[in-house]
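J.: Sharing a structure with you now.
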Amino acid sequence: MTTTQELTRRPSPWDTGRYDAQFGYVSRLAGGVVELLAPQPGETVLDLGCGTGELAEVIRARGAAVVLVDSDPEMVVAASTRLQQAATLADGHDFRVTTPVDAVFSNAALHWMTRPDEVVRAVRAALRPGGRFVAEMGGARNVAGIIDALRRALAERGLAAGMRVPWYFPEPAEYAALLEANGFRVKLIEHFSRPTDLDDCPEGVVDWLRMFGSALTEHVPGADREDVLRRAGELAAPELLRDGRWYADYWRLRFVATAEGAGR
Ligand code: BEZ
């Protein structure tokens, strides 16, 4: 189990101010998944990977109590400041709760958790029987154009082999099977393309890579990194720059699943 101390020792890759300013769409576009959650007054919803807490605030405004969980210390501070309540620093692979919750909600966080069987088991254990797991994450083909452009930019320098993709973007059938194998009944699962404009990012895909892609270029000598990112932007432009607007080629996986029987 990852301890809170271990998590706080890791440097945070997140610049929370920039995240809200340039990537506010992460929460803006998540209205549909909050509607699927349909939070009810009096229930308790755990937001797994709550980030800066924007969606938890929306959920709480609907009358539900929220439990805030994130594995990044800066996000924990940002969320607890926004909501004026404690947030827990914990890893989604092995978080625990003392009292089972009515729902676990997650937006744009599960794809960062690369051992999904552990995550699904931890979510199941956190839910009361009948409780729901409602989430949106990157699905198969997510940001494939961005990753491909970066891979080609790295290949030009003989560095493509060292690129490590830090995300898990499953096919819907794969994720549904995982849920069903771990005590959930899948009520709905959707996989759809959602090209997302990067209007708040002056350098488009290059800004996206600066914010989210540091793990992809960890092996690149620091002095070369910016050149590689700019070249990736050039290579991505034919696909992802349209009429002067940059897009990220997002594919979303969205699901509602309910916890069957006893989870612990
Ligand atoms: C996403 O929301 O799909 C995403 C965000 C950051 C990195 C990778 C994927």
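Counting in our numbering, the sequence shown runs from 9 upward without gaps. Glycine residues also receive a C-beta, built at the ideal position from the N, C-alpha and C atoms.
What does the alpha-carbon distance come out to for the pair A240 and P47?
T.: Between A240 and P47, the C-alpha separation is close to 41 Å.
J.: Given 8 Å as the limit, is there contact between the region 165 to 175 and the region 246 to 264, that is, 3 or more CB pairs closer than that?
T.: no
J.: State buried or exposed for E51, treating a residue as buried only when at least 16 other CB atoms are found within 10 Å of its CB.
T.: buried
J.: If you draw a straight line from the alpha carbon of R90 to that of R165, how long is it in whole angstroms?
T.: 43 Å
J.: Does the beta-carbon of E62 have 16 or more other beta-carbons within 10 angstroms, so that it is buried, or is it exposed?
T.: Note on E62: 16 or more other CB atoms within 10 angstroms of its CB, so buried under the neighbour-count rule.
J.: Using 7 Å as the cut-off, classify the Cβ of G146 as near or not near the heavy atoms of ligand 1, replying yes or no.
T.: Yes, Cβ of G146 sits closer than 7 Å to a heavy atom of ligand 1.
J.: Figure out for me which residue from D205, L187 and T24 has the closest Cα to the Cα of P124.
T.: L187
J.: Can you give me the C-alpha to C-alpha distance between I155 and A163, rounded to a whole angstrom?
T.: About 12 Å.
J.: Assuming A276 and A87 form a contact by the criterion Cβ under 8 Å, report the distance between their Cβ atoms to the nearest whole angstrom.
T.: Not covered by the structure: residue 276. The range shown for the chain is 9 to 272.
J.: My guess is that E144 and A116 are in contact by the Cβ rule of under 8 Å, so how many angstroms apart are they, rounded?
T.: 7 Å
J.: How long is the line joining the alpha carbons of D207 and E268, rounded to whole angstroms?
T.: 42 Å
J.: With a threshold of 7 Å (Cβ to nearest heavy atom), would H119 be considered close to ligand 2?
T.: For ligand 2, the structure offers nothing, since it holds only ligand 1.
J.: Report whether the distance from the Cβ of W254 to the nearest heavy atom of ligand 1 is below 7 Å.
T.: no
J.: Indicate whether the contact test is met: 3 or more Cβ pairs, each with one atom in the region 220 to 238 and one in the region 102 to 119, closer than 8 Å.
T.: no
J.: Spell out the partners DSSP gives Y176 in its beta bridges.
T.: Partner(s): none; Y176 has no beta bridge.
J.: Can you check whether the CB of A130 is closer than 8 Å to the CB of A244?
T.: Result no, Cβ atoms of A244 and A130 do not sit closer than 8 Å.
J.: Below 8 Å on the Cβ atoms is my contact criterion, and I expect V264 with K195 to pass it. Report the Cβ-Cβ distance as a whole number of Å.
T.: Their Cβ separation, rounded to whole angstroms, is 4 Å, which keeps V264 and K195 in contact under 8 Å.
J.: Can you look up G139 in the DSSP assignment and give me helix, strand or coil?
T.: strand
J.: Considering only C-alpha positions, which residue in the set D257, A133, L217 and A95 is nearest to R26?
T.: L217
J.: Suppose the cutoff is 6 Å on Cβ atoms and the five residues either side in sequence are ignored; what does the same chain contact list for T96 look like?
T.: If we look at T96 and ignore the five residues flanking it on each side, its Cβ neighbours are V77.
J.: Thinking C-beta only, is T106 closer than 8 Å to Y176?
T.: Not in contact: Y176 and T106 (Cβ atoms no closer than 8 Å).
J.: What residues match up with E198 in a beta bridge as DSSP calls it?
T.: R262
J.: First and last residue of the alpha helix (DSSP H) that includes F220?
T.: V213 to F220
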